[in-house]
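Heads up: the sequence lines are chains A and B, in that order.
Counted from 1, the first sequence has number 14 at position 14 by our numbering; the numbering is strictly sequential.
To convert a position in the second sequence, counted from 1, into our numbering, add 112.
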Amino acid sequence: GDSVTQMEGPVTLSEEAFLTINCTYTATGYPSLFWYVQYPGEGLQLLLKATKADDKGSNKGFEATYRKETTSFHLEKGSVQVSDSAVYFCALNHQGAQKLVFGQGTRLTINP
Amino acid sequence: EAGVTQFPSHSVIEKGQTVTLRCDPISGHDNLYWYRRVMGKEIKFLLHFVKESKQDESGMPNNRFLAERTGGTYSTLKVQPAELEDSGVYFCASSQSGTGVIETQYFGPGTRLLVL
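Structure below.
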């Protein structure tokens, strides 16, 4: 079945550092790919998405490119802020199968 | 516009007791989903309602779990009797109806369940 694998956390960085959180997936066909973020005390929020190969999703300075050849959707940000501290989840779903399949989540802490 | 709300935010019960979780989706959203995250692992799908009908319940772990969505508005998820392994965070999400389109799912803050 479909699955998503994220890099193990927790990840701790200093403010203004470059961020990469790796995400790879196993799925048949052409799923849509998502990054969700959960800030402390809040629900999951959609951060960005990509629906086909080579699409780049972007939001709030974060980017991720749908790479079919490597089955990856790595999350990047050039300069992180303390307010980016949260848990990040990579996920996929298929058109016609609405359920999301999530990775295990990566806790990110940014120190000032 | 109000987001997805869940009640209670936390619940601590003893093994063998019953707990009912409630989810109020965004108004007008036909799709309602339940997910669960156990012990810091991945978030797993439980089931999907379209209005009041169960579209997909392939993720329900066993018959101790019962989900309802009477009238196609709010939903409840009952666990009876609760076991230790049921502890975790239960998320609800909703999305608009769409034909052939991946609709964004909007999540609630979750209910943190601890079974002792």
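Here a beta-carbon is modelled for each residue, glycine too, at the ideal position from N, C-alpha and C.
The model shown is predicted, which means the values in this text are computed figures rather than measured ones.
Asked: So the candidates are A:11, A:73, A:1; which of them puts its Cα closest to the Cα of residue 85 of chain A?; Found: A:11
Asked: Name the chain D residues that come within less than 9 Å of residue 105 of chain A, Cβ to Cβ?; Found: Protein chains A and B are contained in the structure displayed, whereas chain D is not.
Asked: May I ask you to report which of helix, strand or coil DSSP gives residue 158 of chain B?; Found: strand
Asked: With respect to the beta strand (DSSP E) encompassing residue 36 of chain A, which residues constitute its N-terminal and C-terminal limits?; Found: 32 to 38
Asked: Could you round the C-beta distance between residue 80 of chain A and residue 105 of chain A to whole angstroms and report it? I think they count as a contact, below 8 Å.; Found: Contact flag wrong, Cβ pair sits at about 17 Å.
Asked: For residue 216 of chain B, return the contacting residues in chain A, with the cut-off set at a CB-CB distance below 9 Å.; Found: 34, 46, 49
Asked: What would DSSP say about residue 80 of chain A, mapped onto helix, strand or coil?; Found: coil
Asked: Quick test of your reading: residue 116 of chain B and residue 123 of chain B, contact by CB under 8 Å. State the CB separation rounded to the nearest angstrom.; Found: Contact flag wrong, Cβ pair sits at about 18 Å.
Asked: Considering only the alpha carbon of each residue, which of A:55, A:53, A:59 lies closest to residue 45 of chain A?; Found: A:59
Asked: Roughly how many angstroms lie between the CA atoms of residue 216 of chain B and residue 108 of chain A, to the nearest whole one?; Found: 24 Å
Asked: Starting from residue 136 of chain B, follow the beta strand (DSSP E) in both directions and report where the run begins and ends.; Found: 131 to 136
Asked: Using a cut-off of 8 Å between C-beta atoms, extract the partners of residue 68 of chain A located in chain B.; Found: Simply none; closest approach about 17 Å.
Asked: Go through its chain and collect everything with a Cβ distance to residue 53 of chain A's Cβ below 6 Å, but skip five positions before and after it.; Found: 66, 68
Asked: Starting from the beta carbon of residue 88 of chain B, find every residue of chain A whose beta carbon is closer than 7 Å, and list them in chain order.; Found: What is shown of chain B runs 113 to 228, which leaves residue 88 of chain B out entirely.
Asked: Using a Cβ-Cβ cut-off of 6 Å (strictly less than) and excluding sequence neighbours within five positions of residue 137 of chain B, which residues of its own chain qualify?; Found: 116, 144, 206
Asked: If you measure between the beta carbons of residue 192 of chain B and residue 176 of chain B, is that distance less than 8 Å?; Found: yes
Asked: Could you check if residue 48 of chain A belongs to the surroundings of the ligand NAD, using beta carbon to heavy atom distance under 7 Å?; Found: Among the ligands in the structure shown, none appear at all, so the ligand NAD cannot be discussed.
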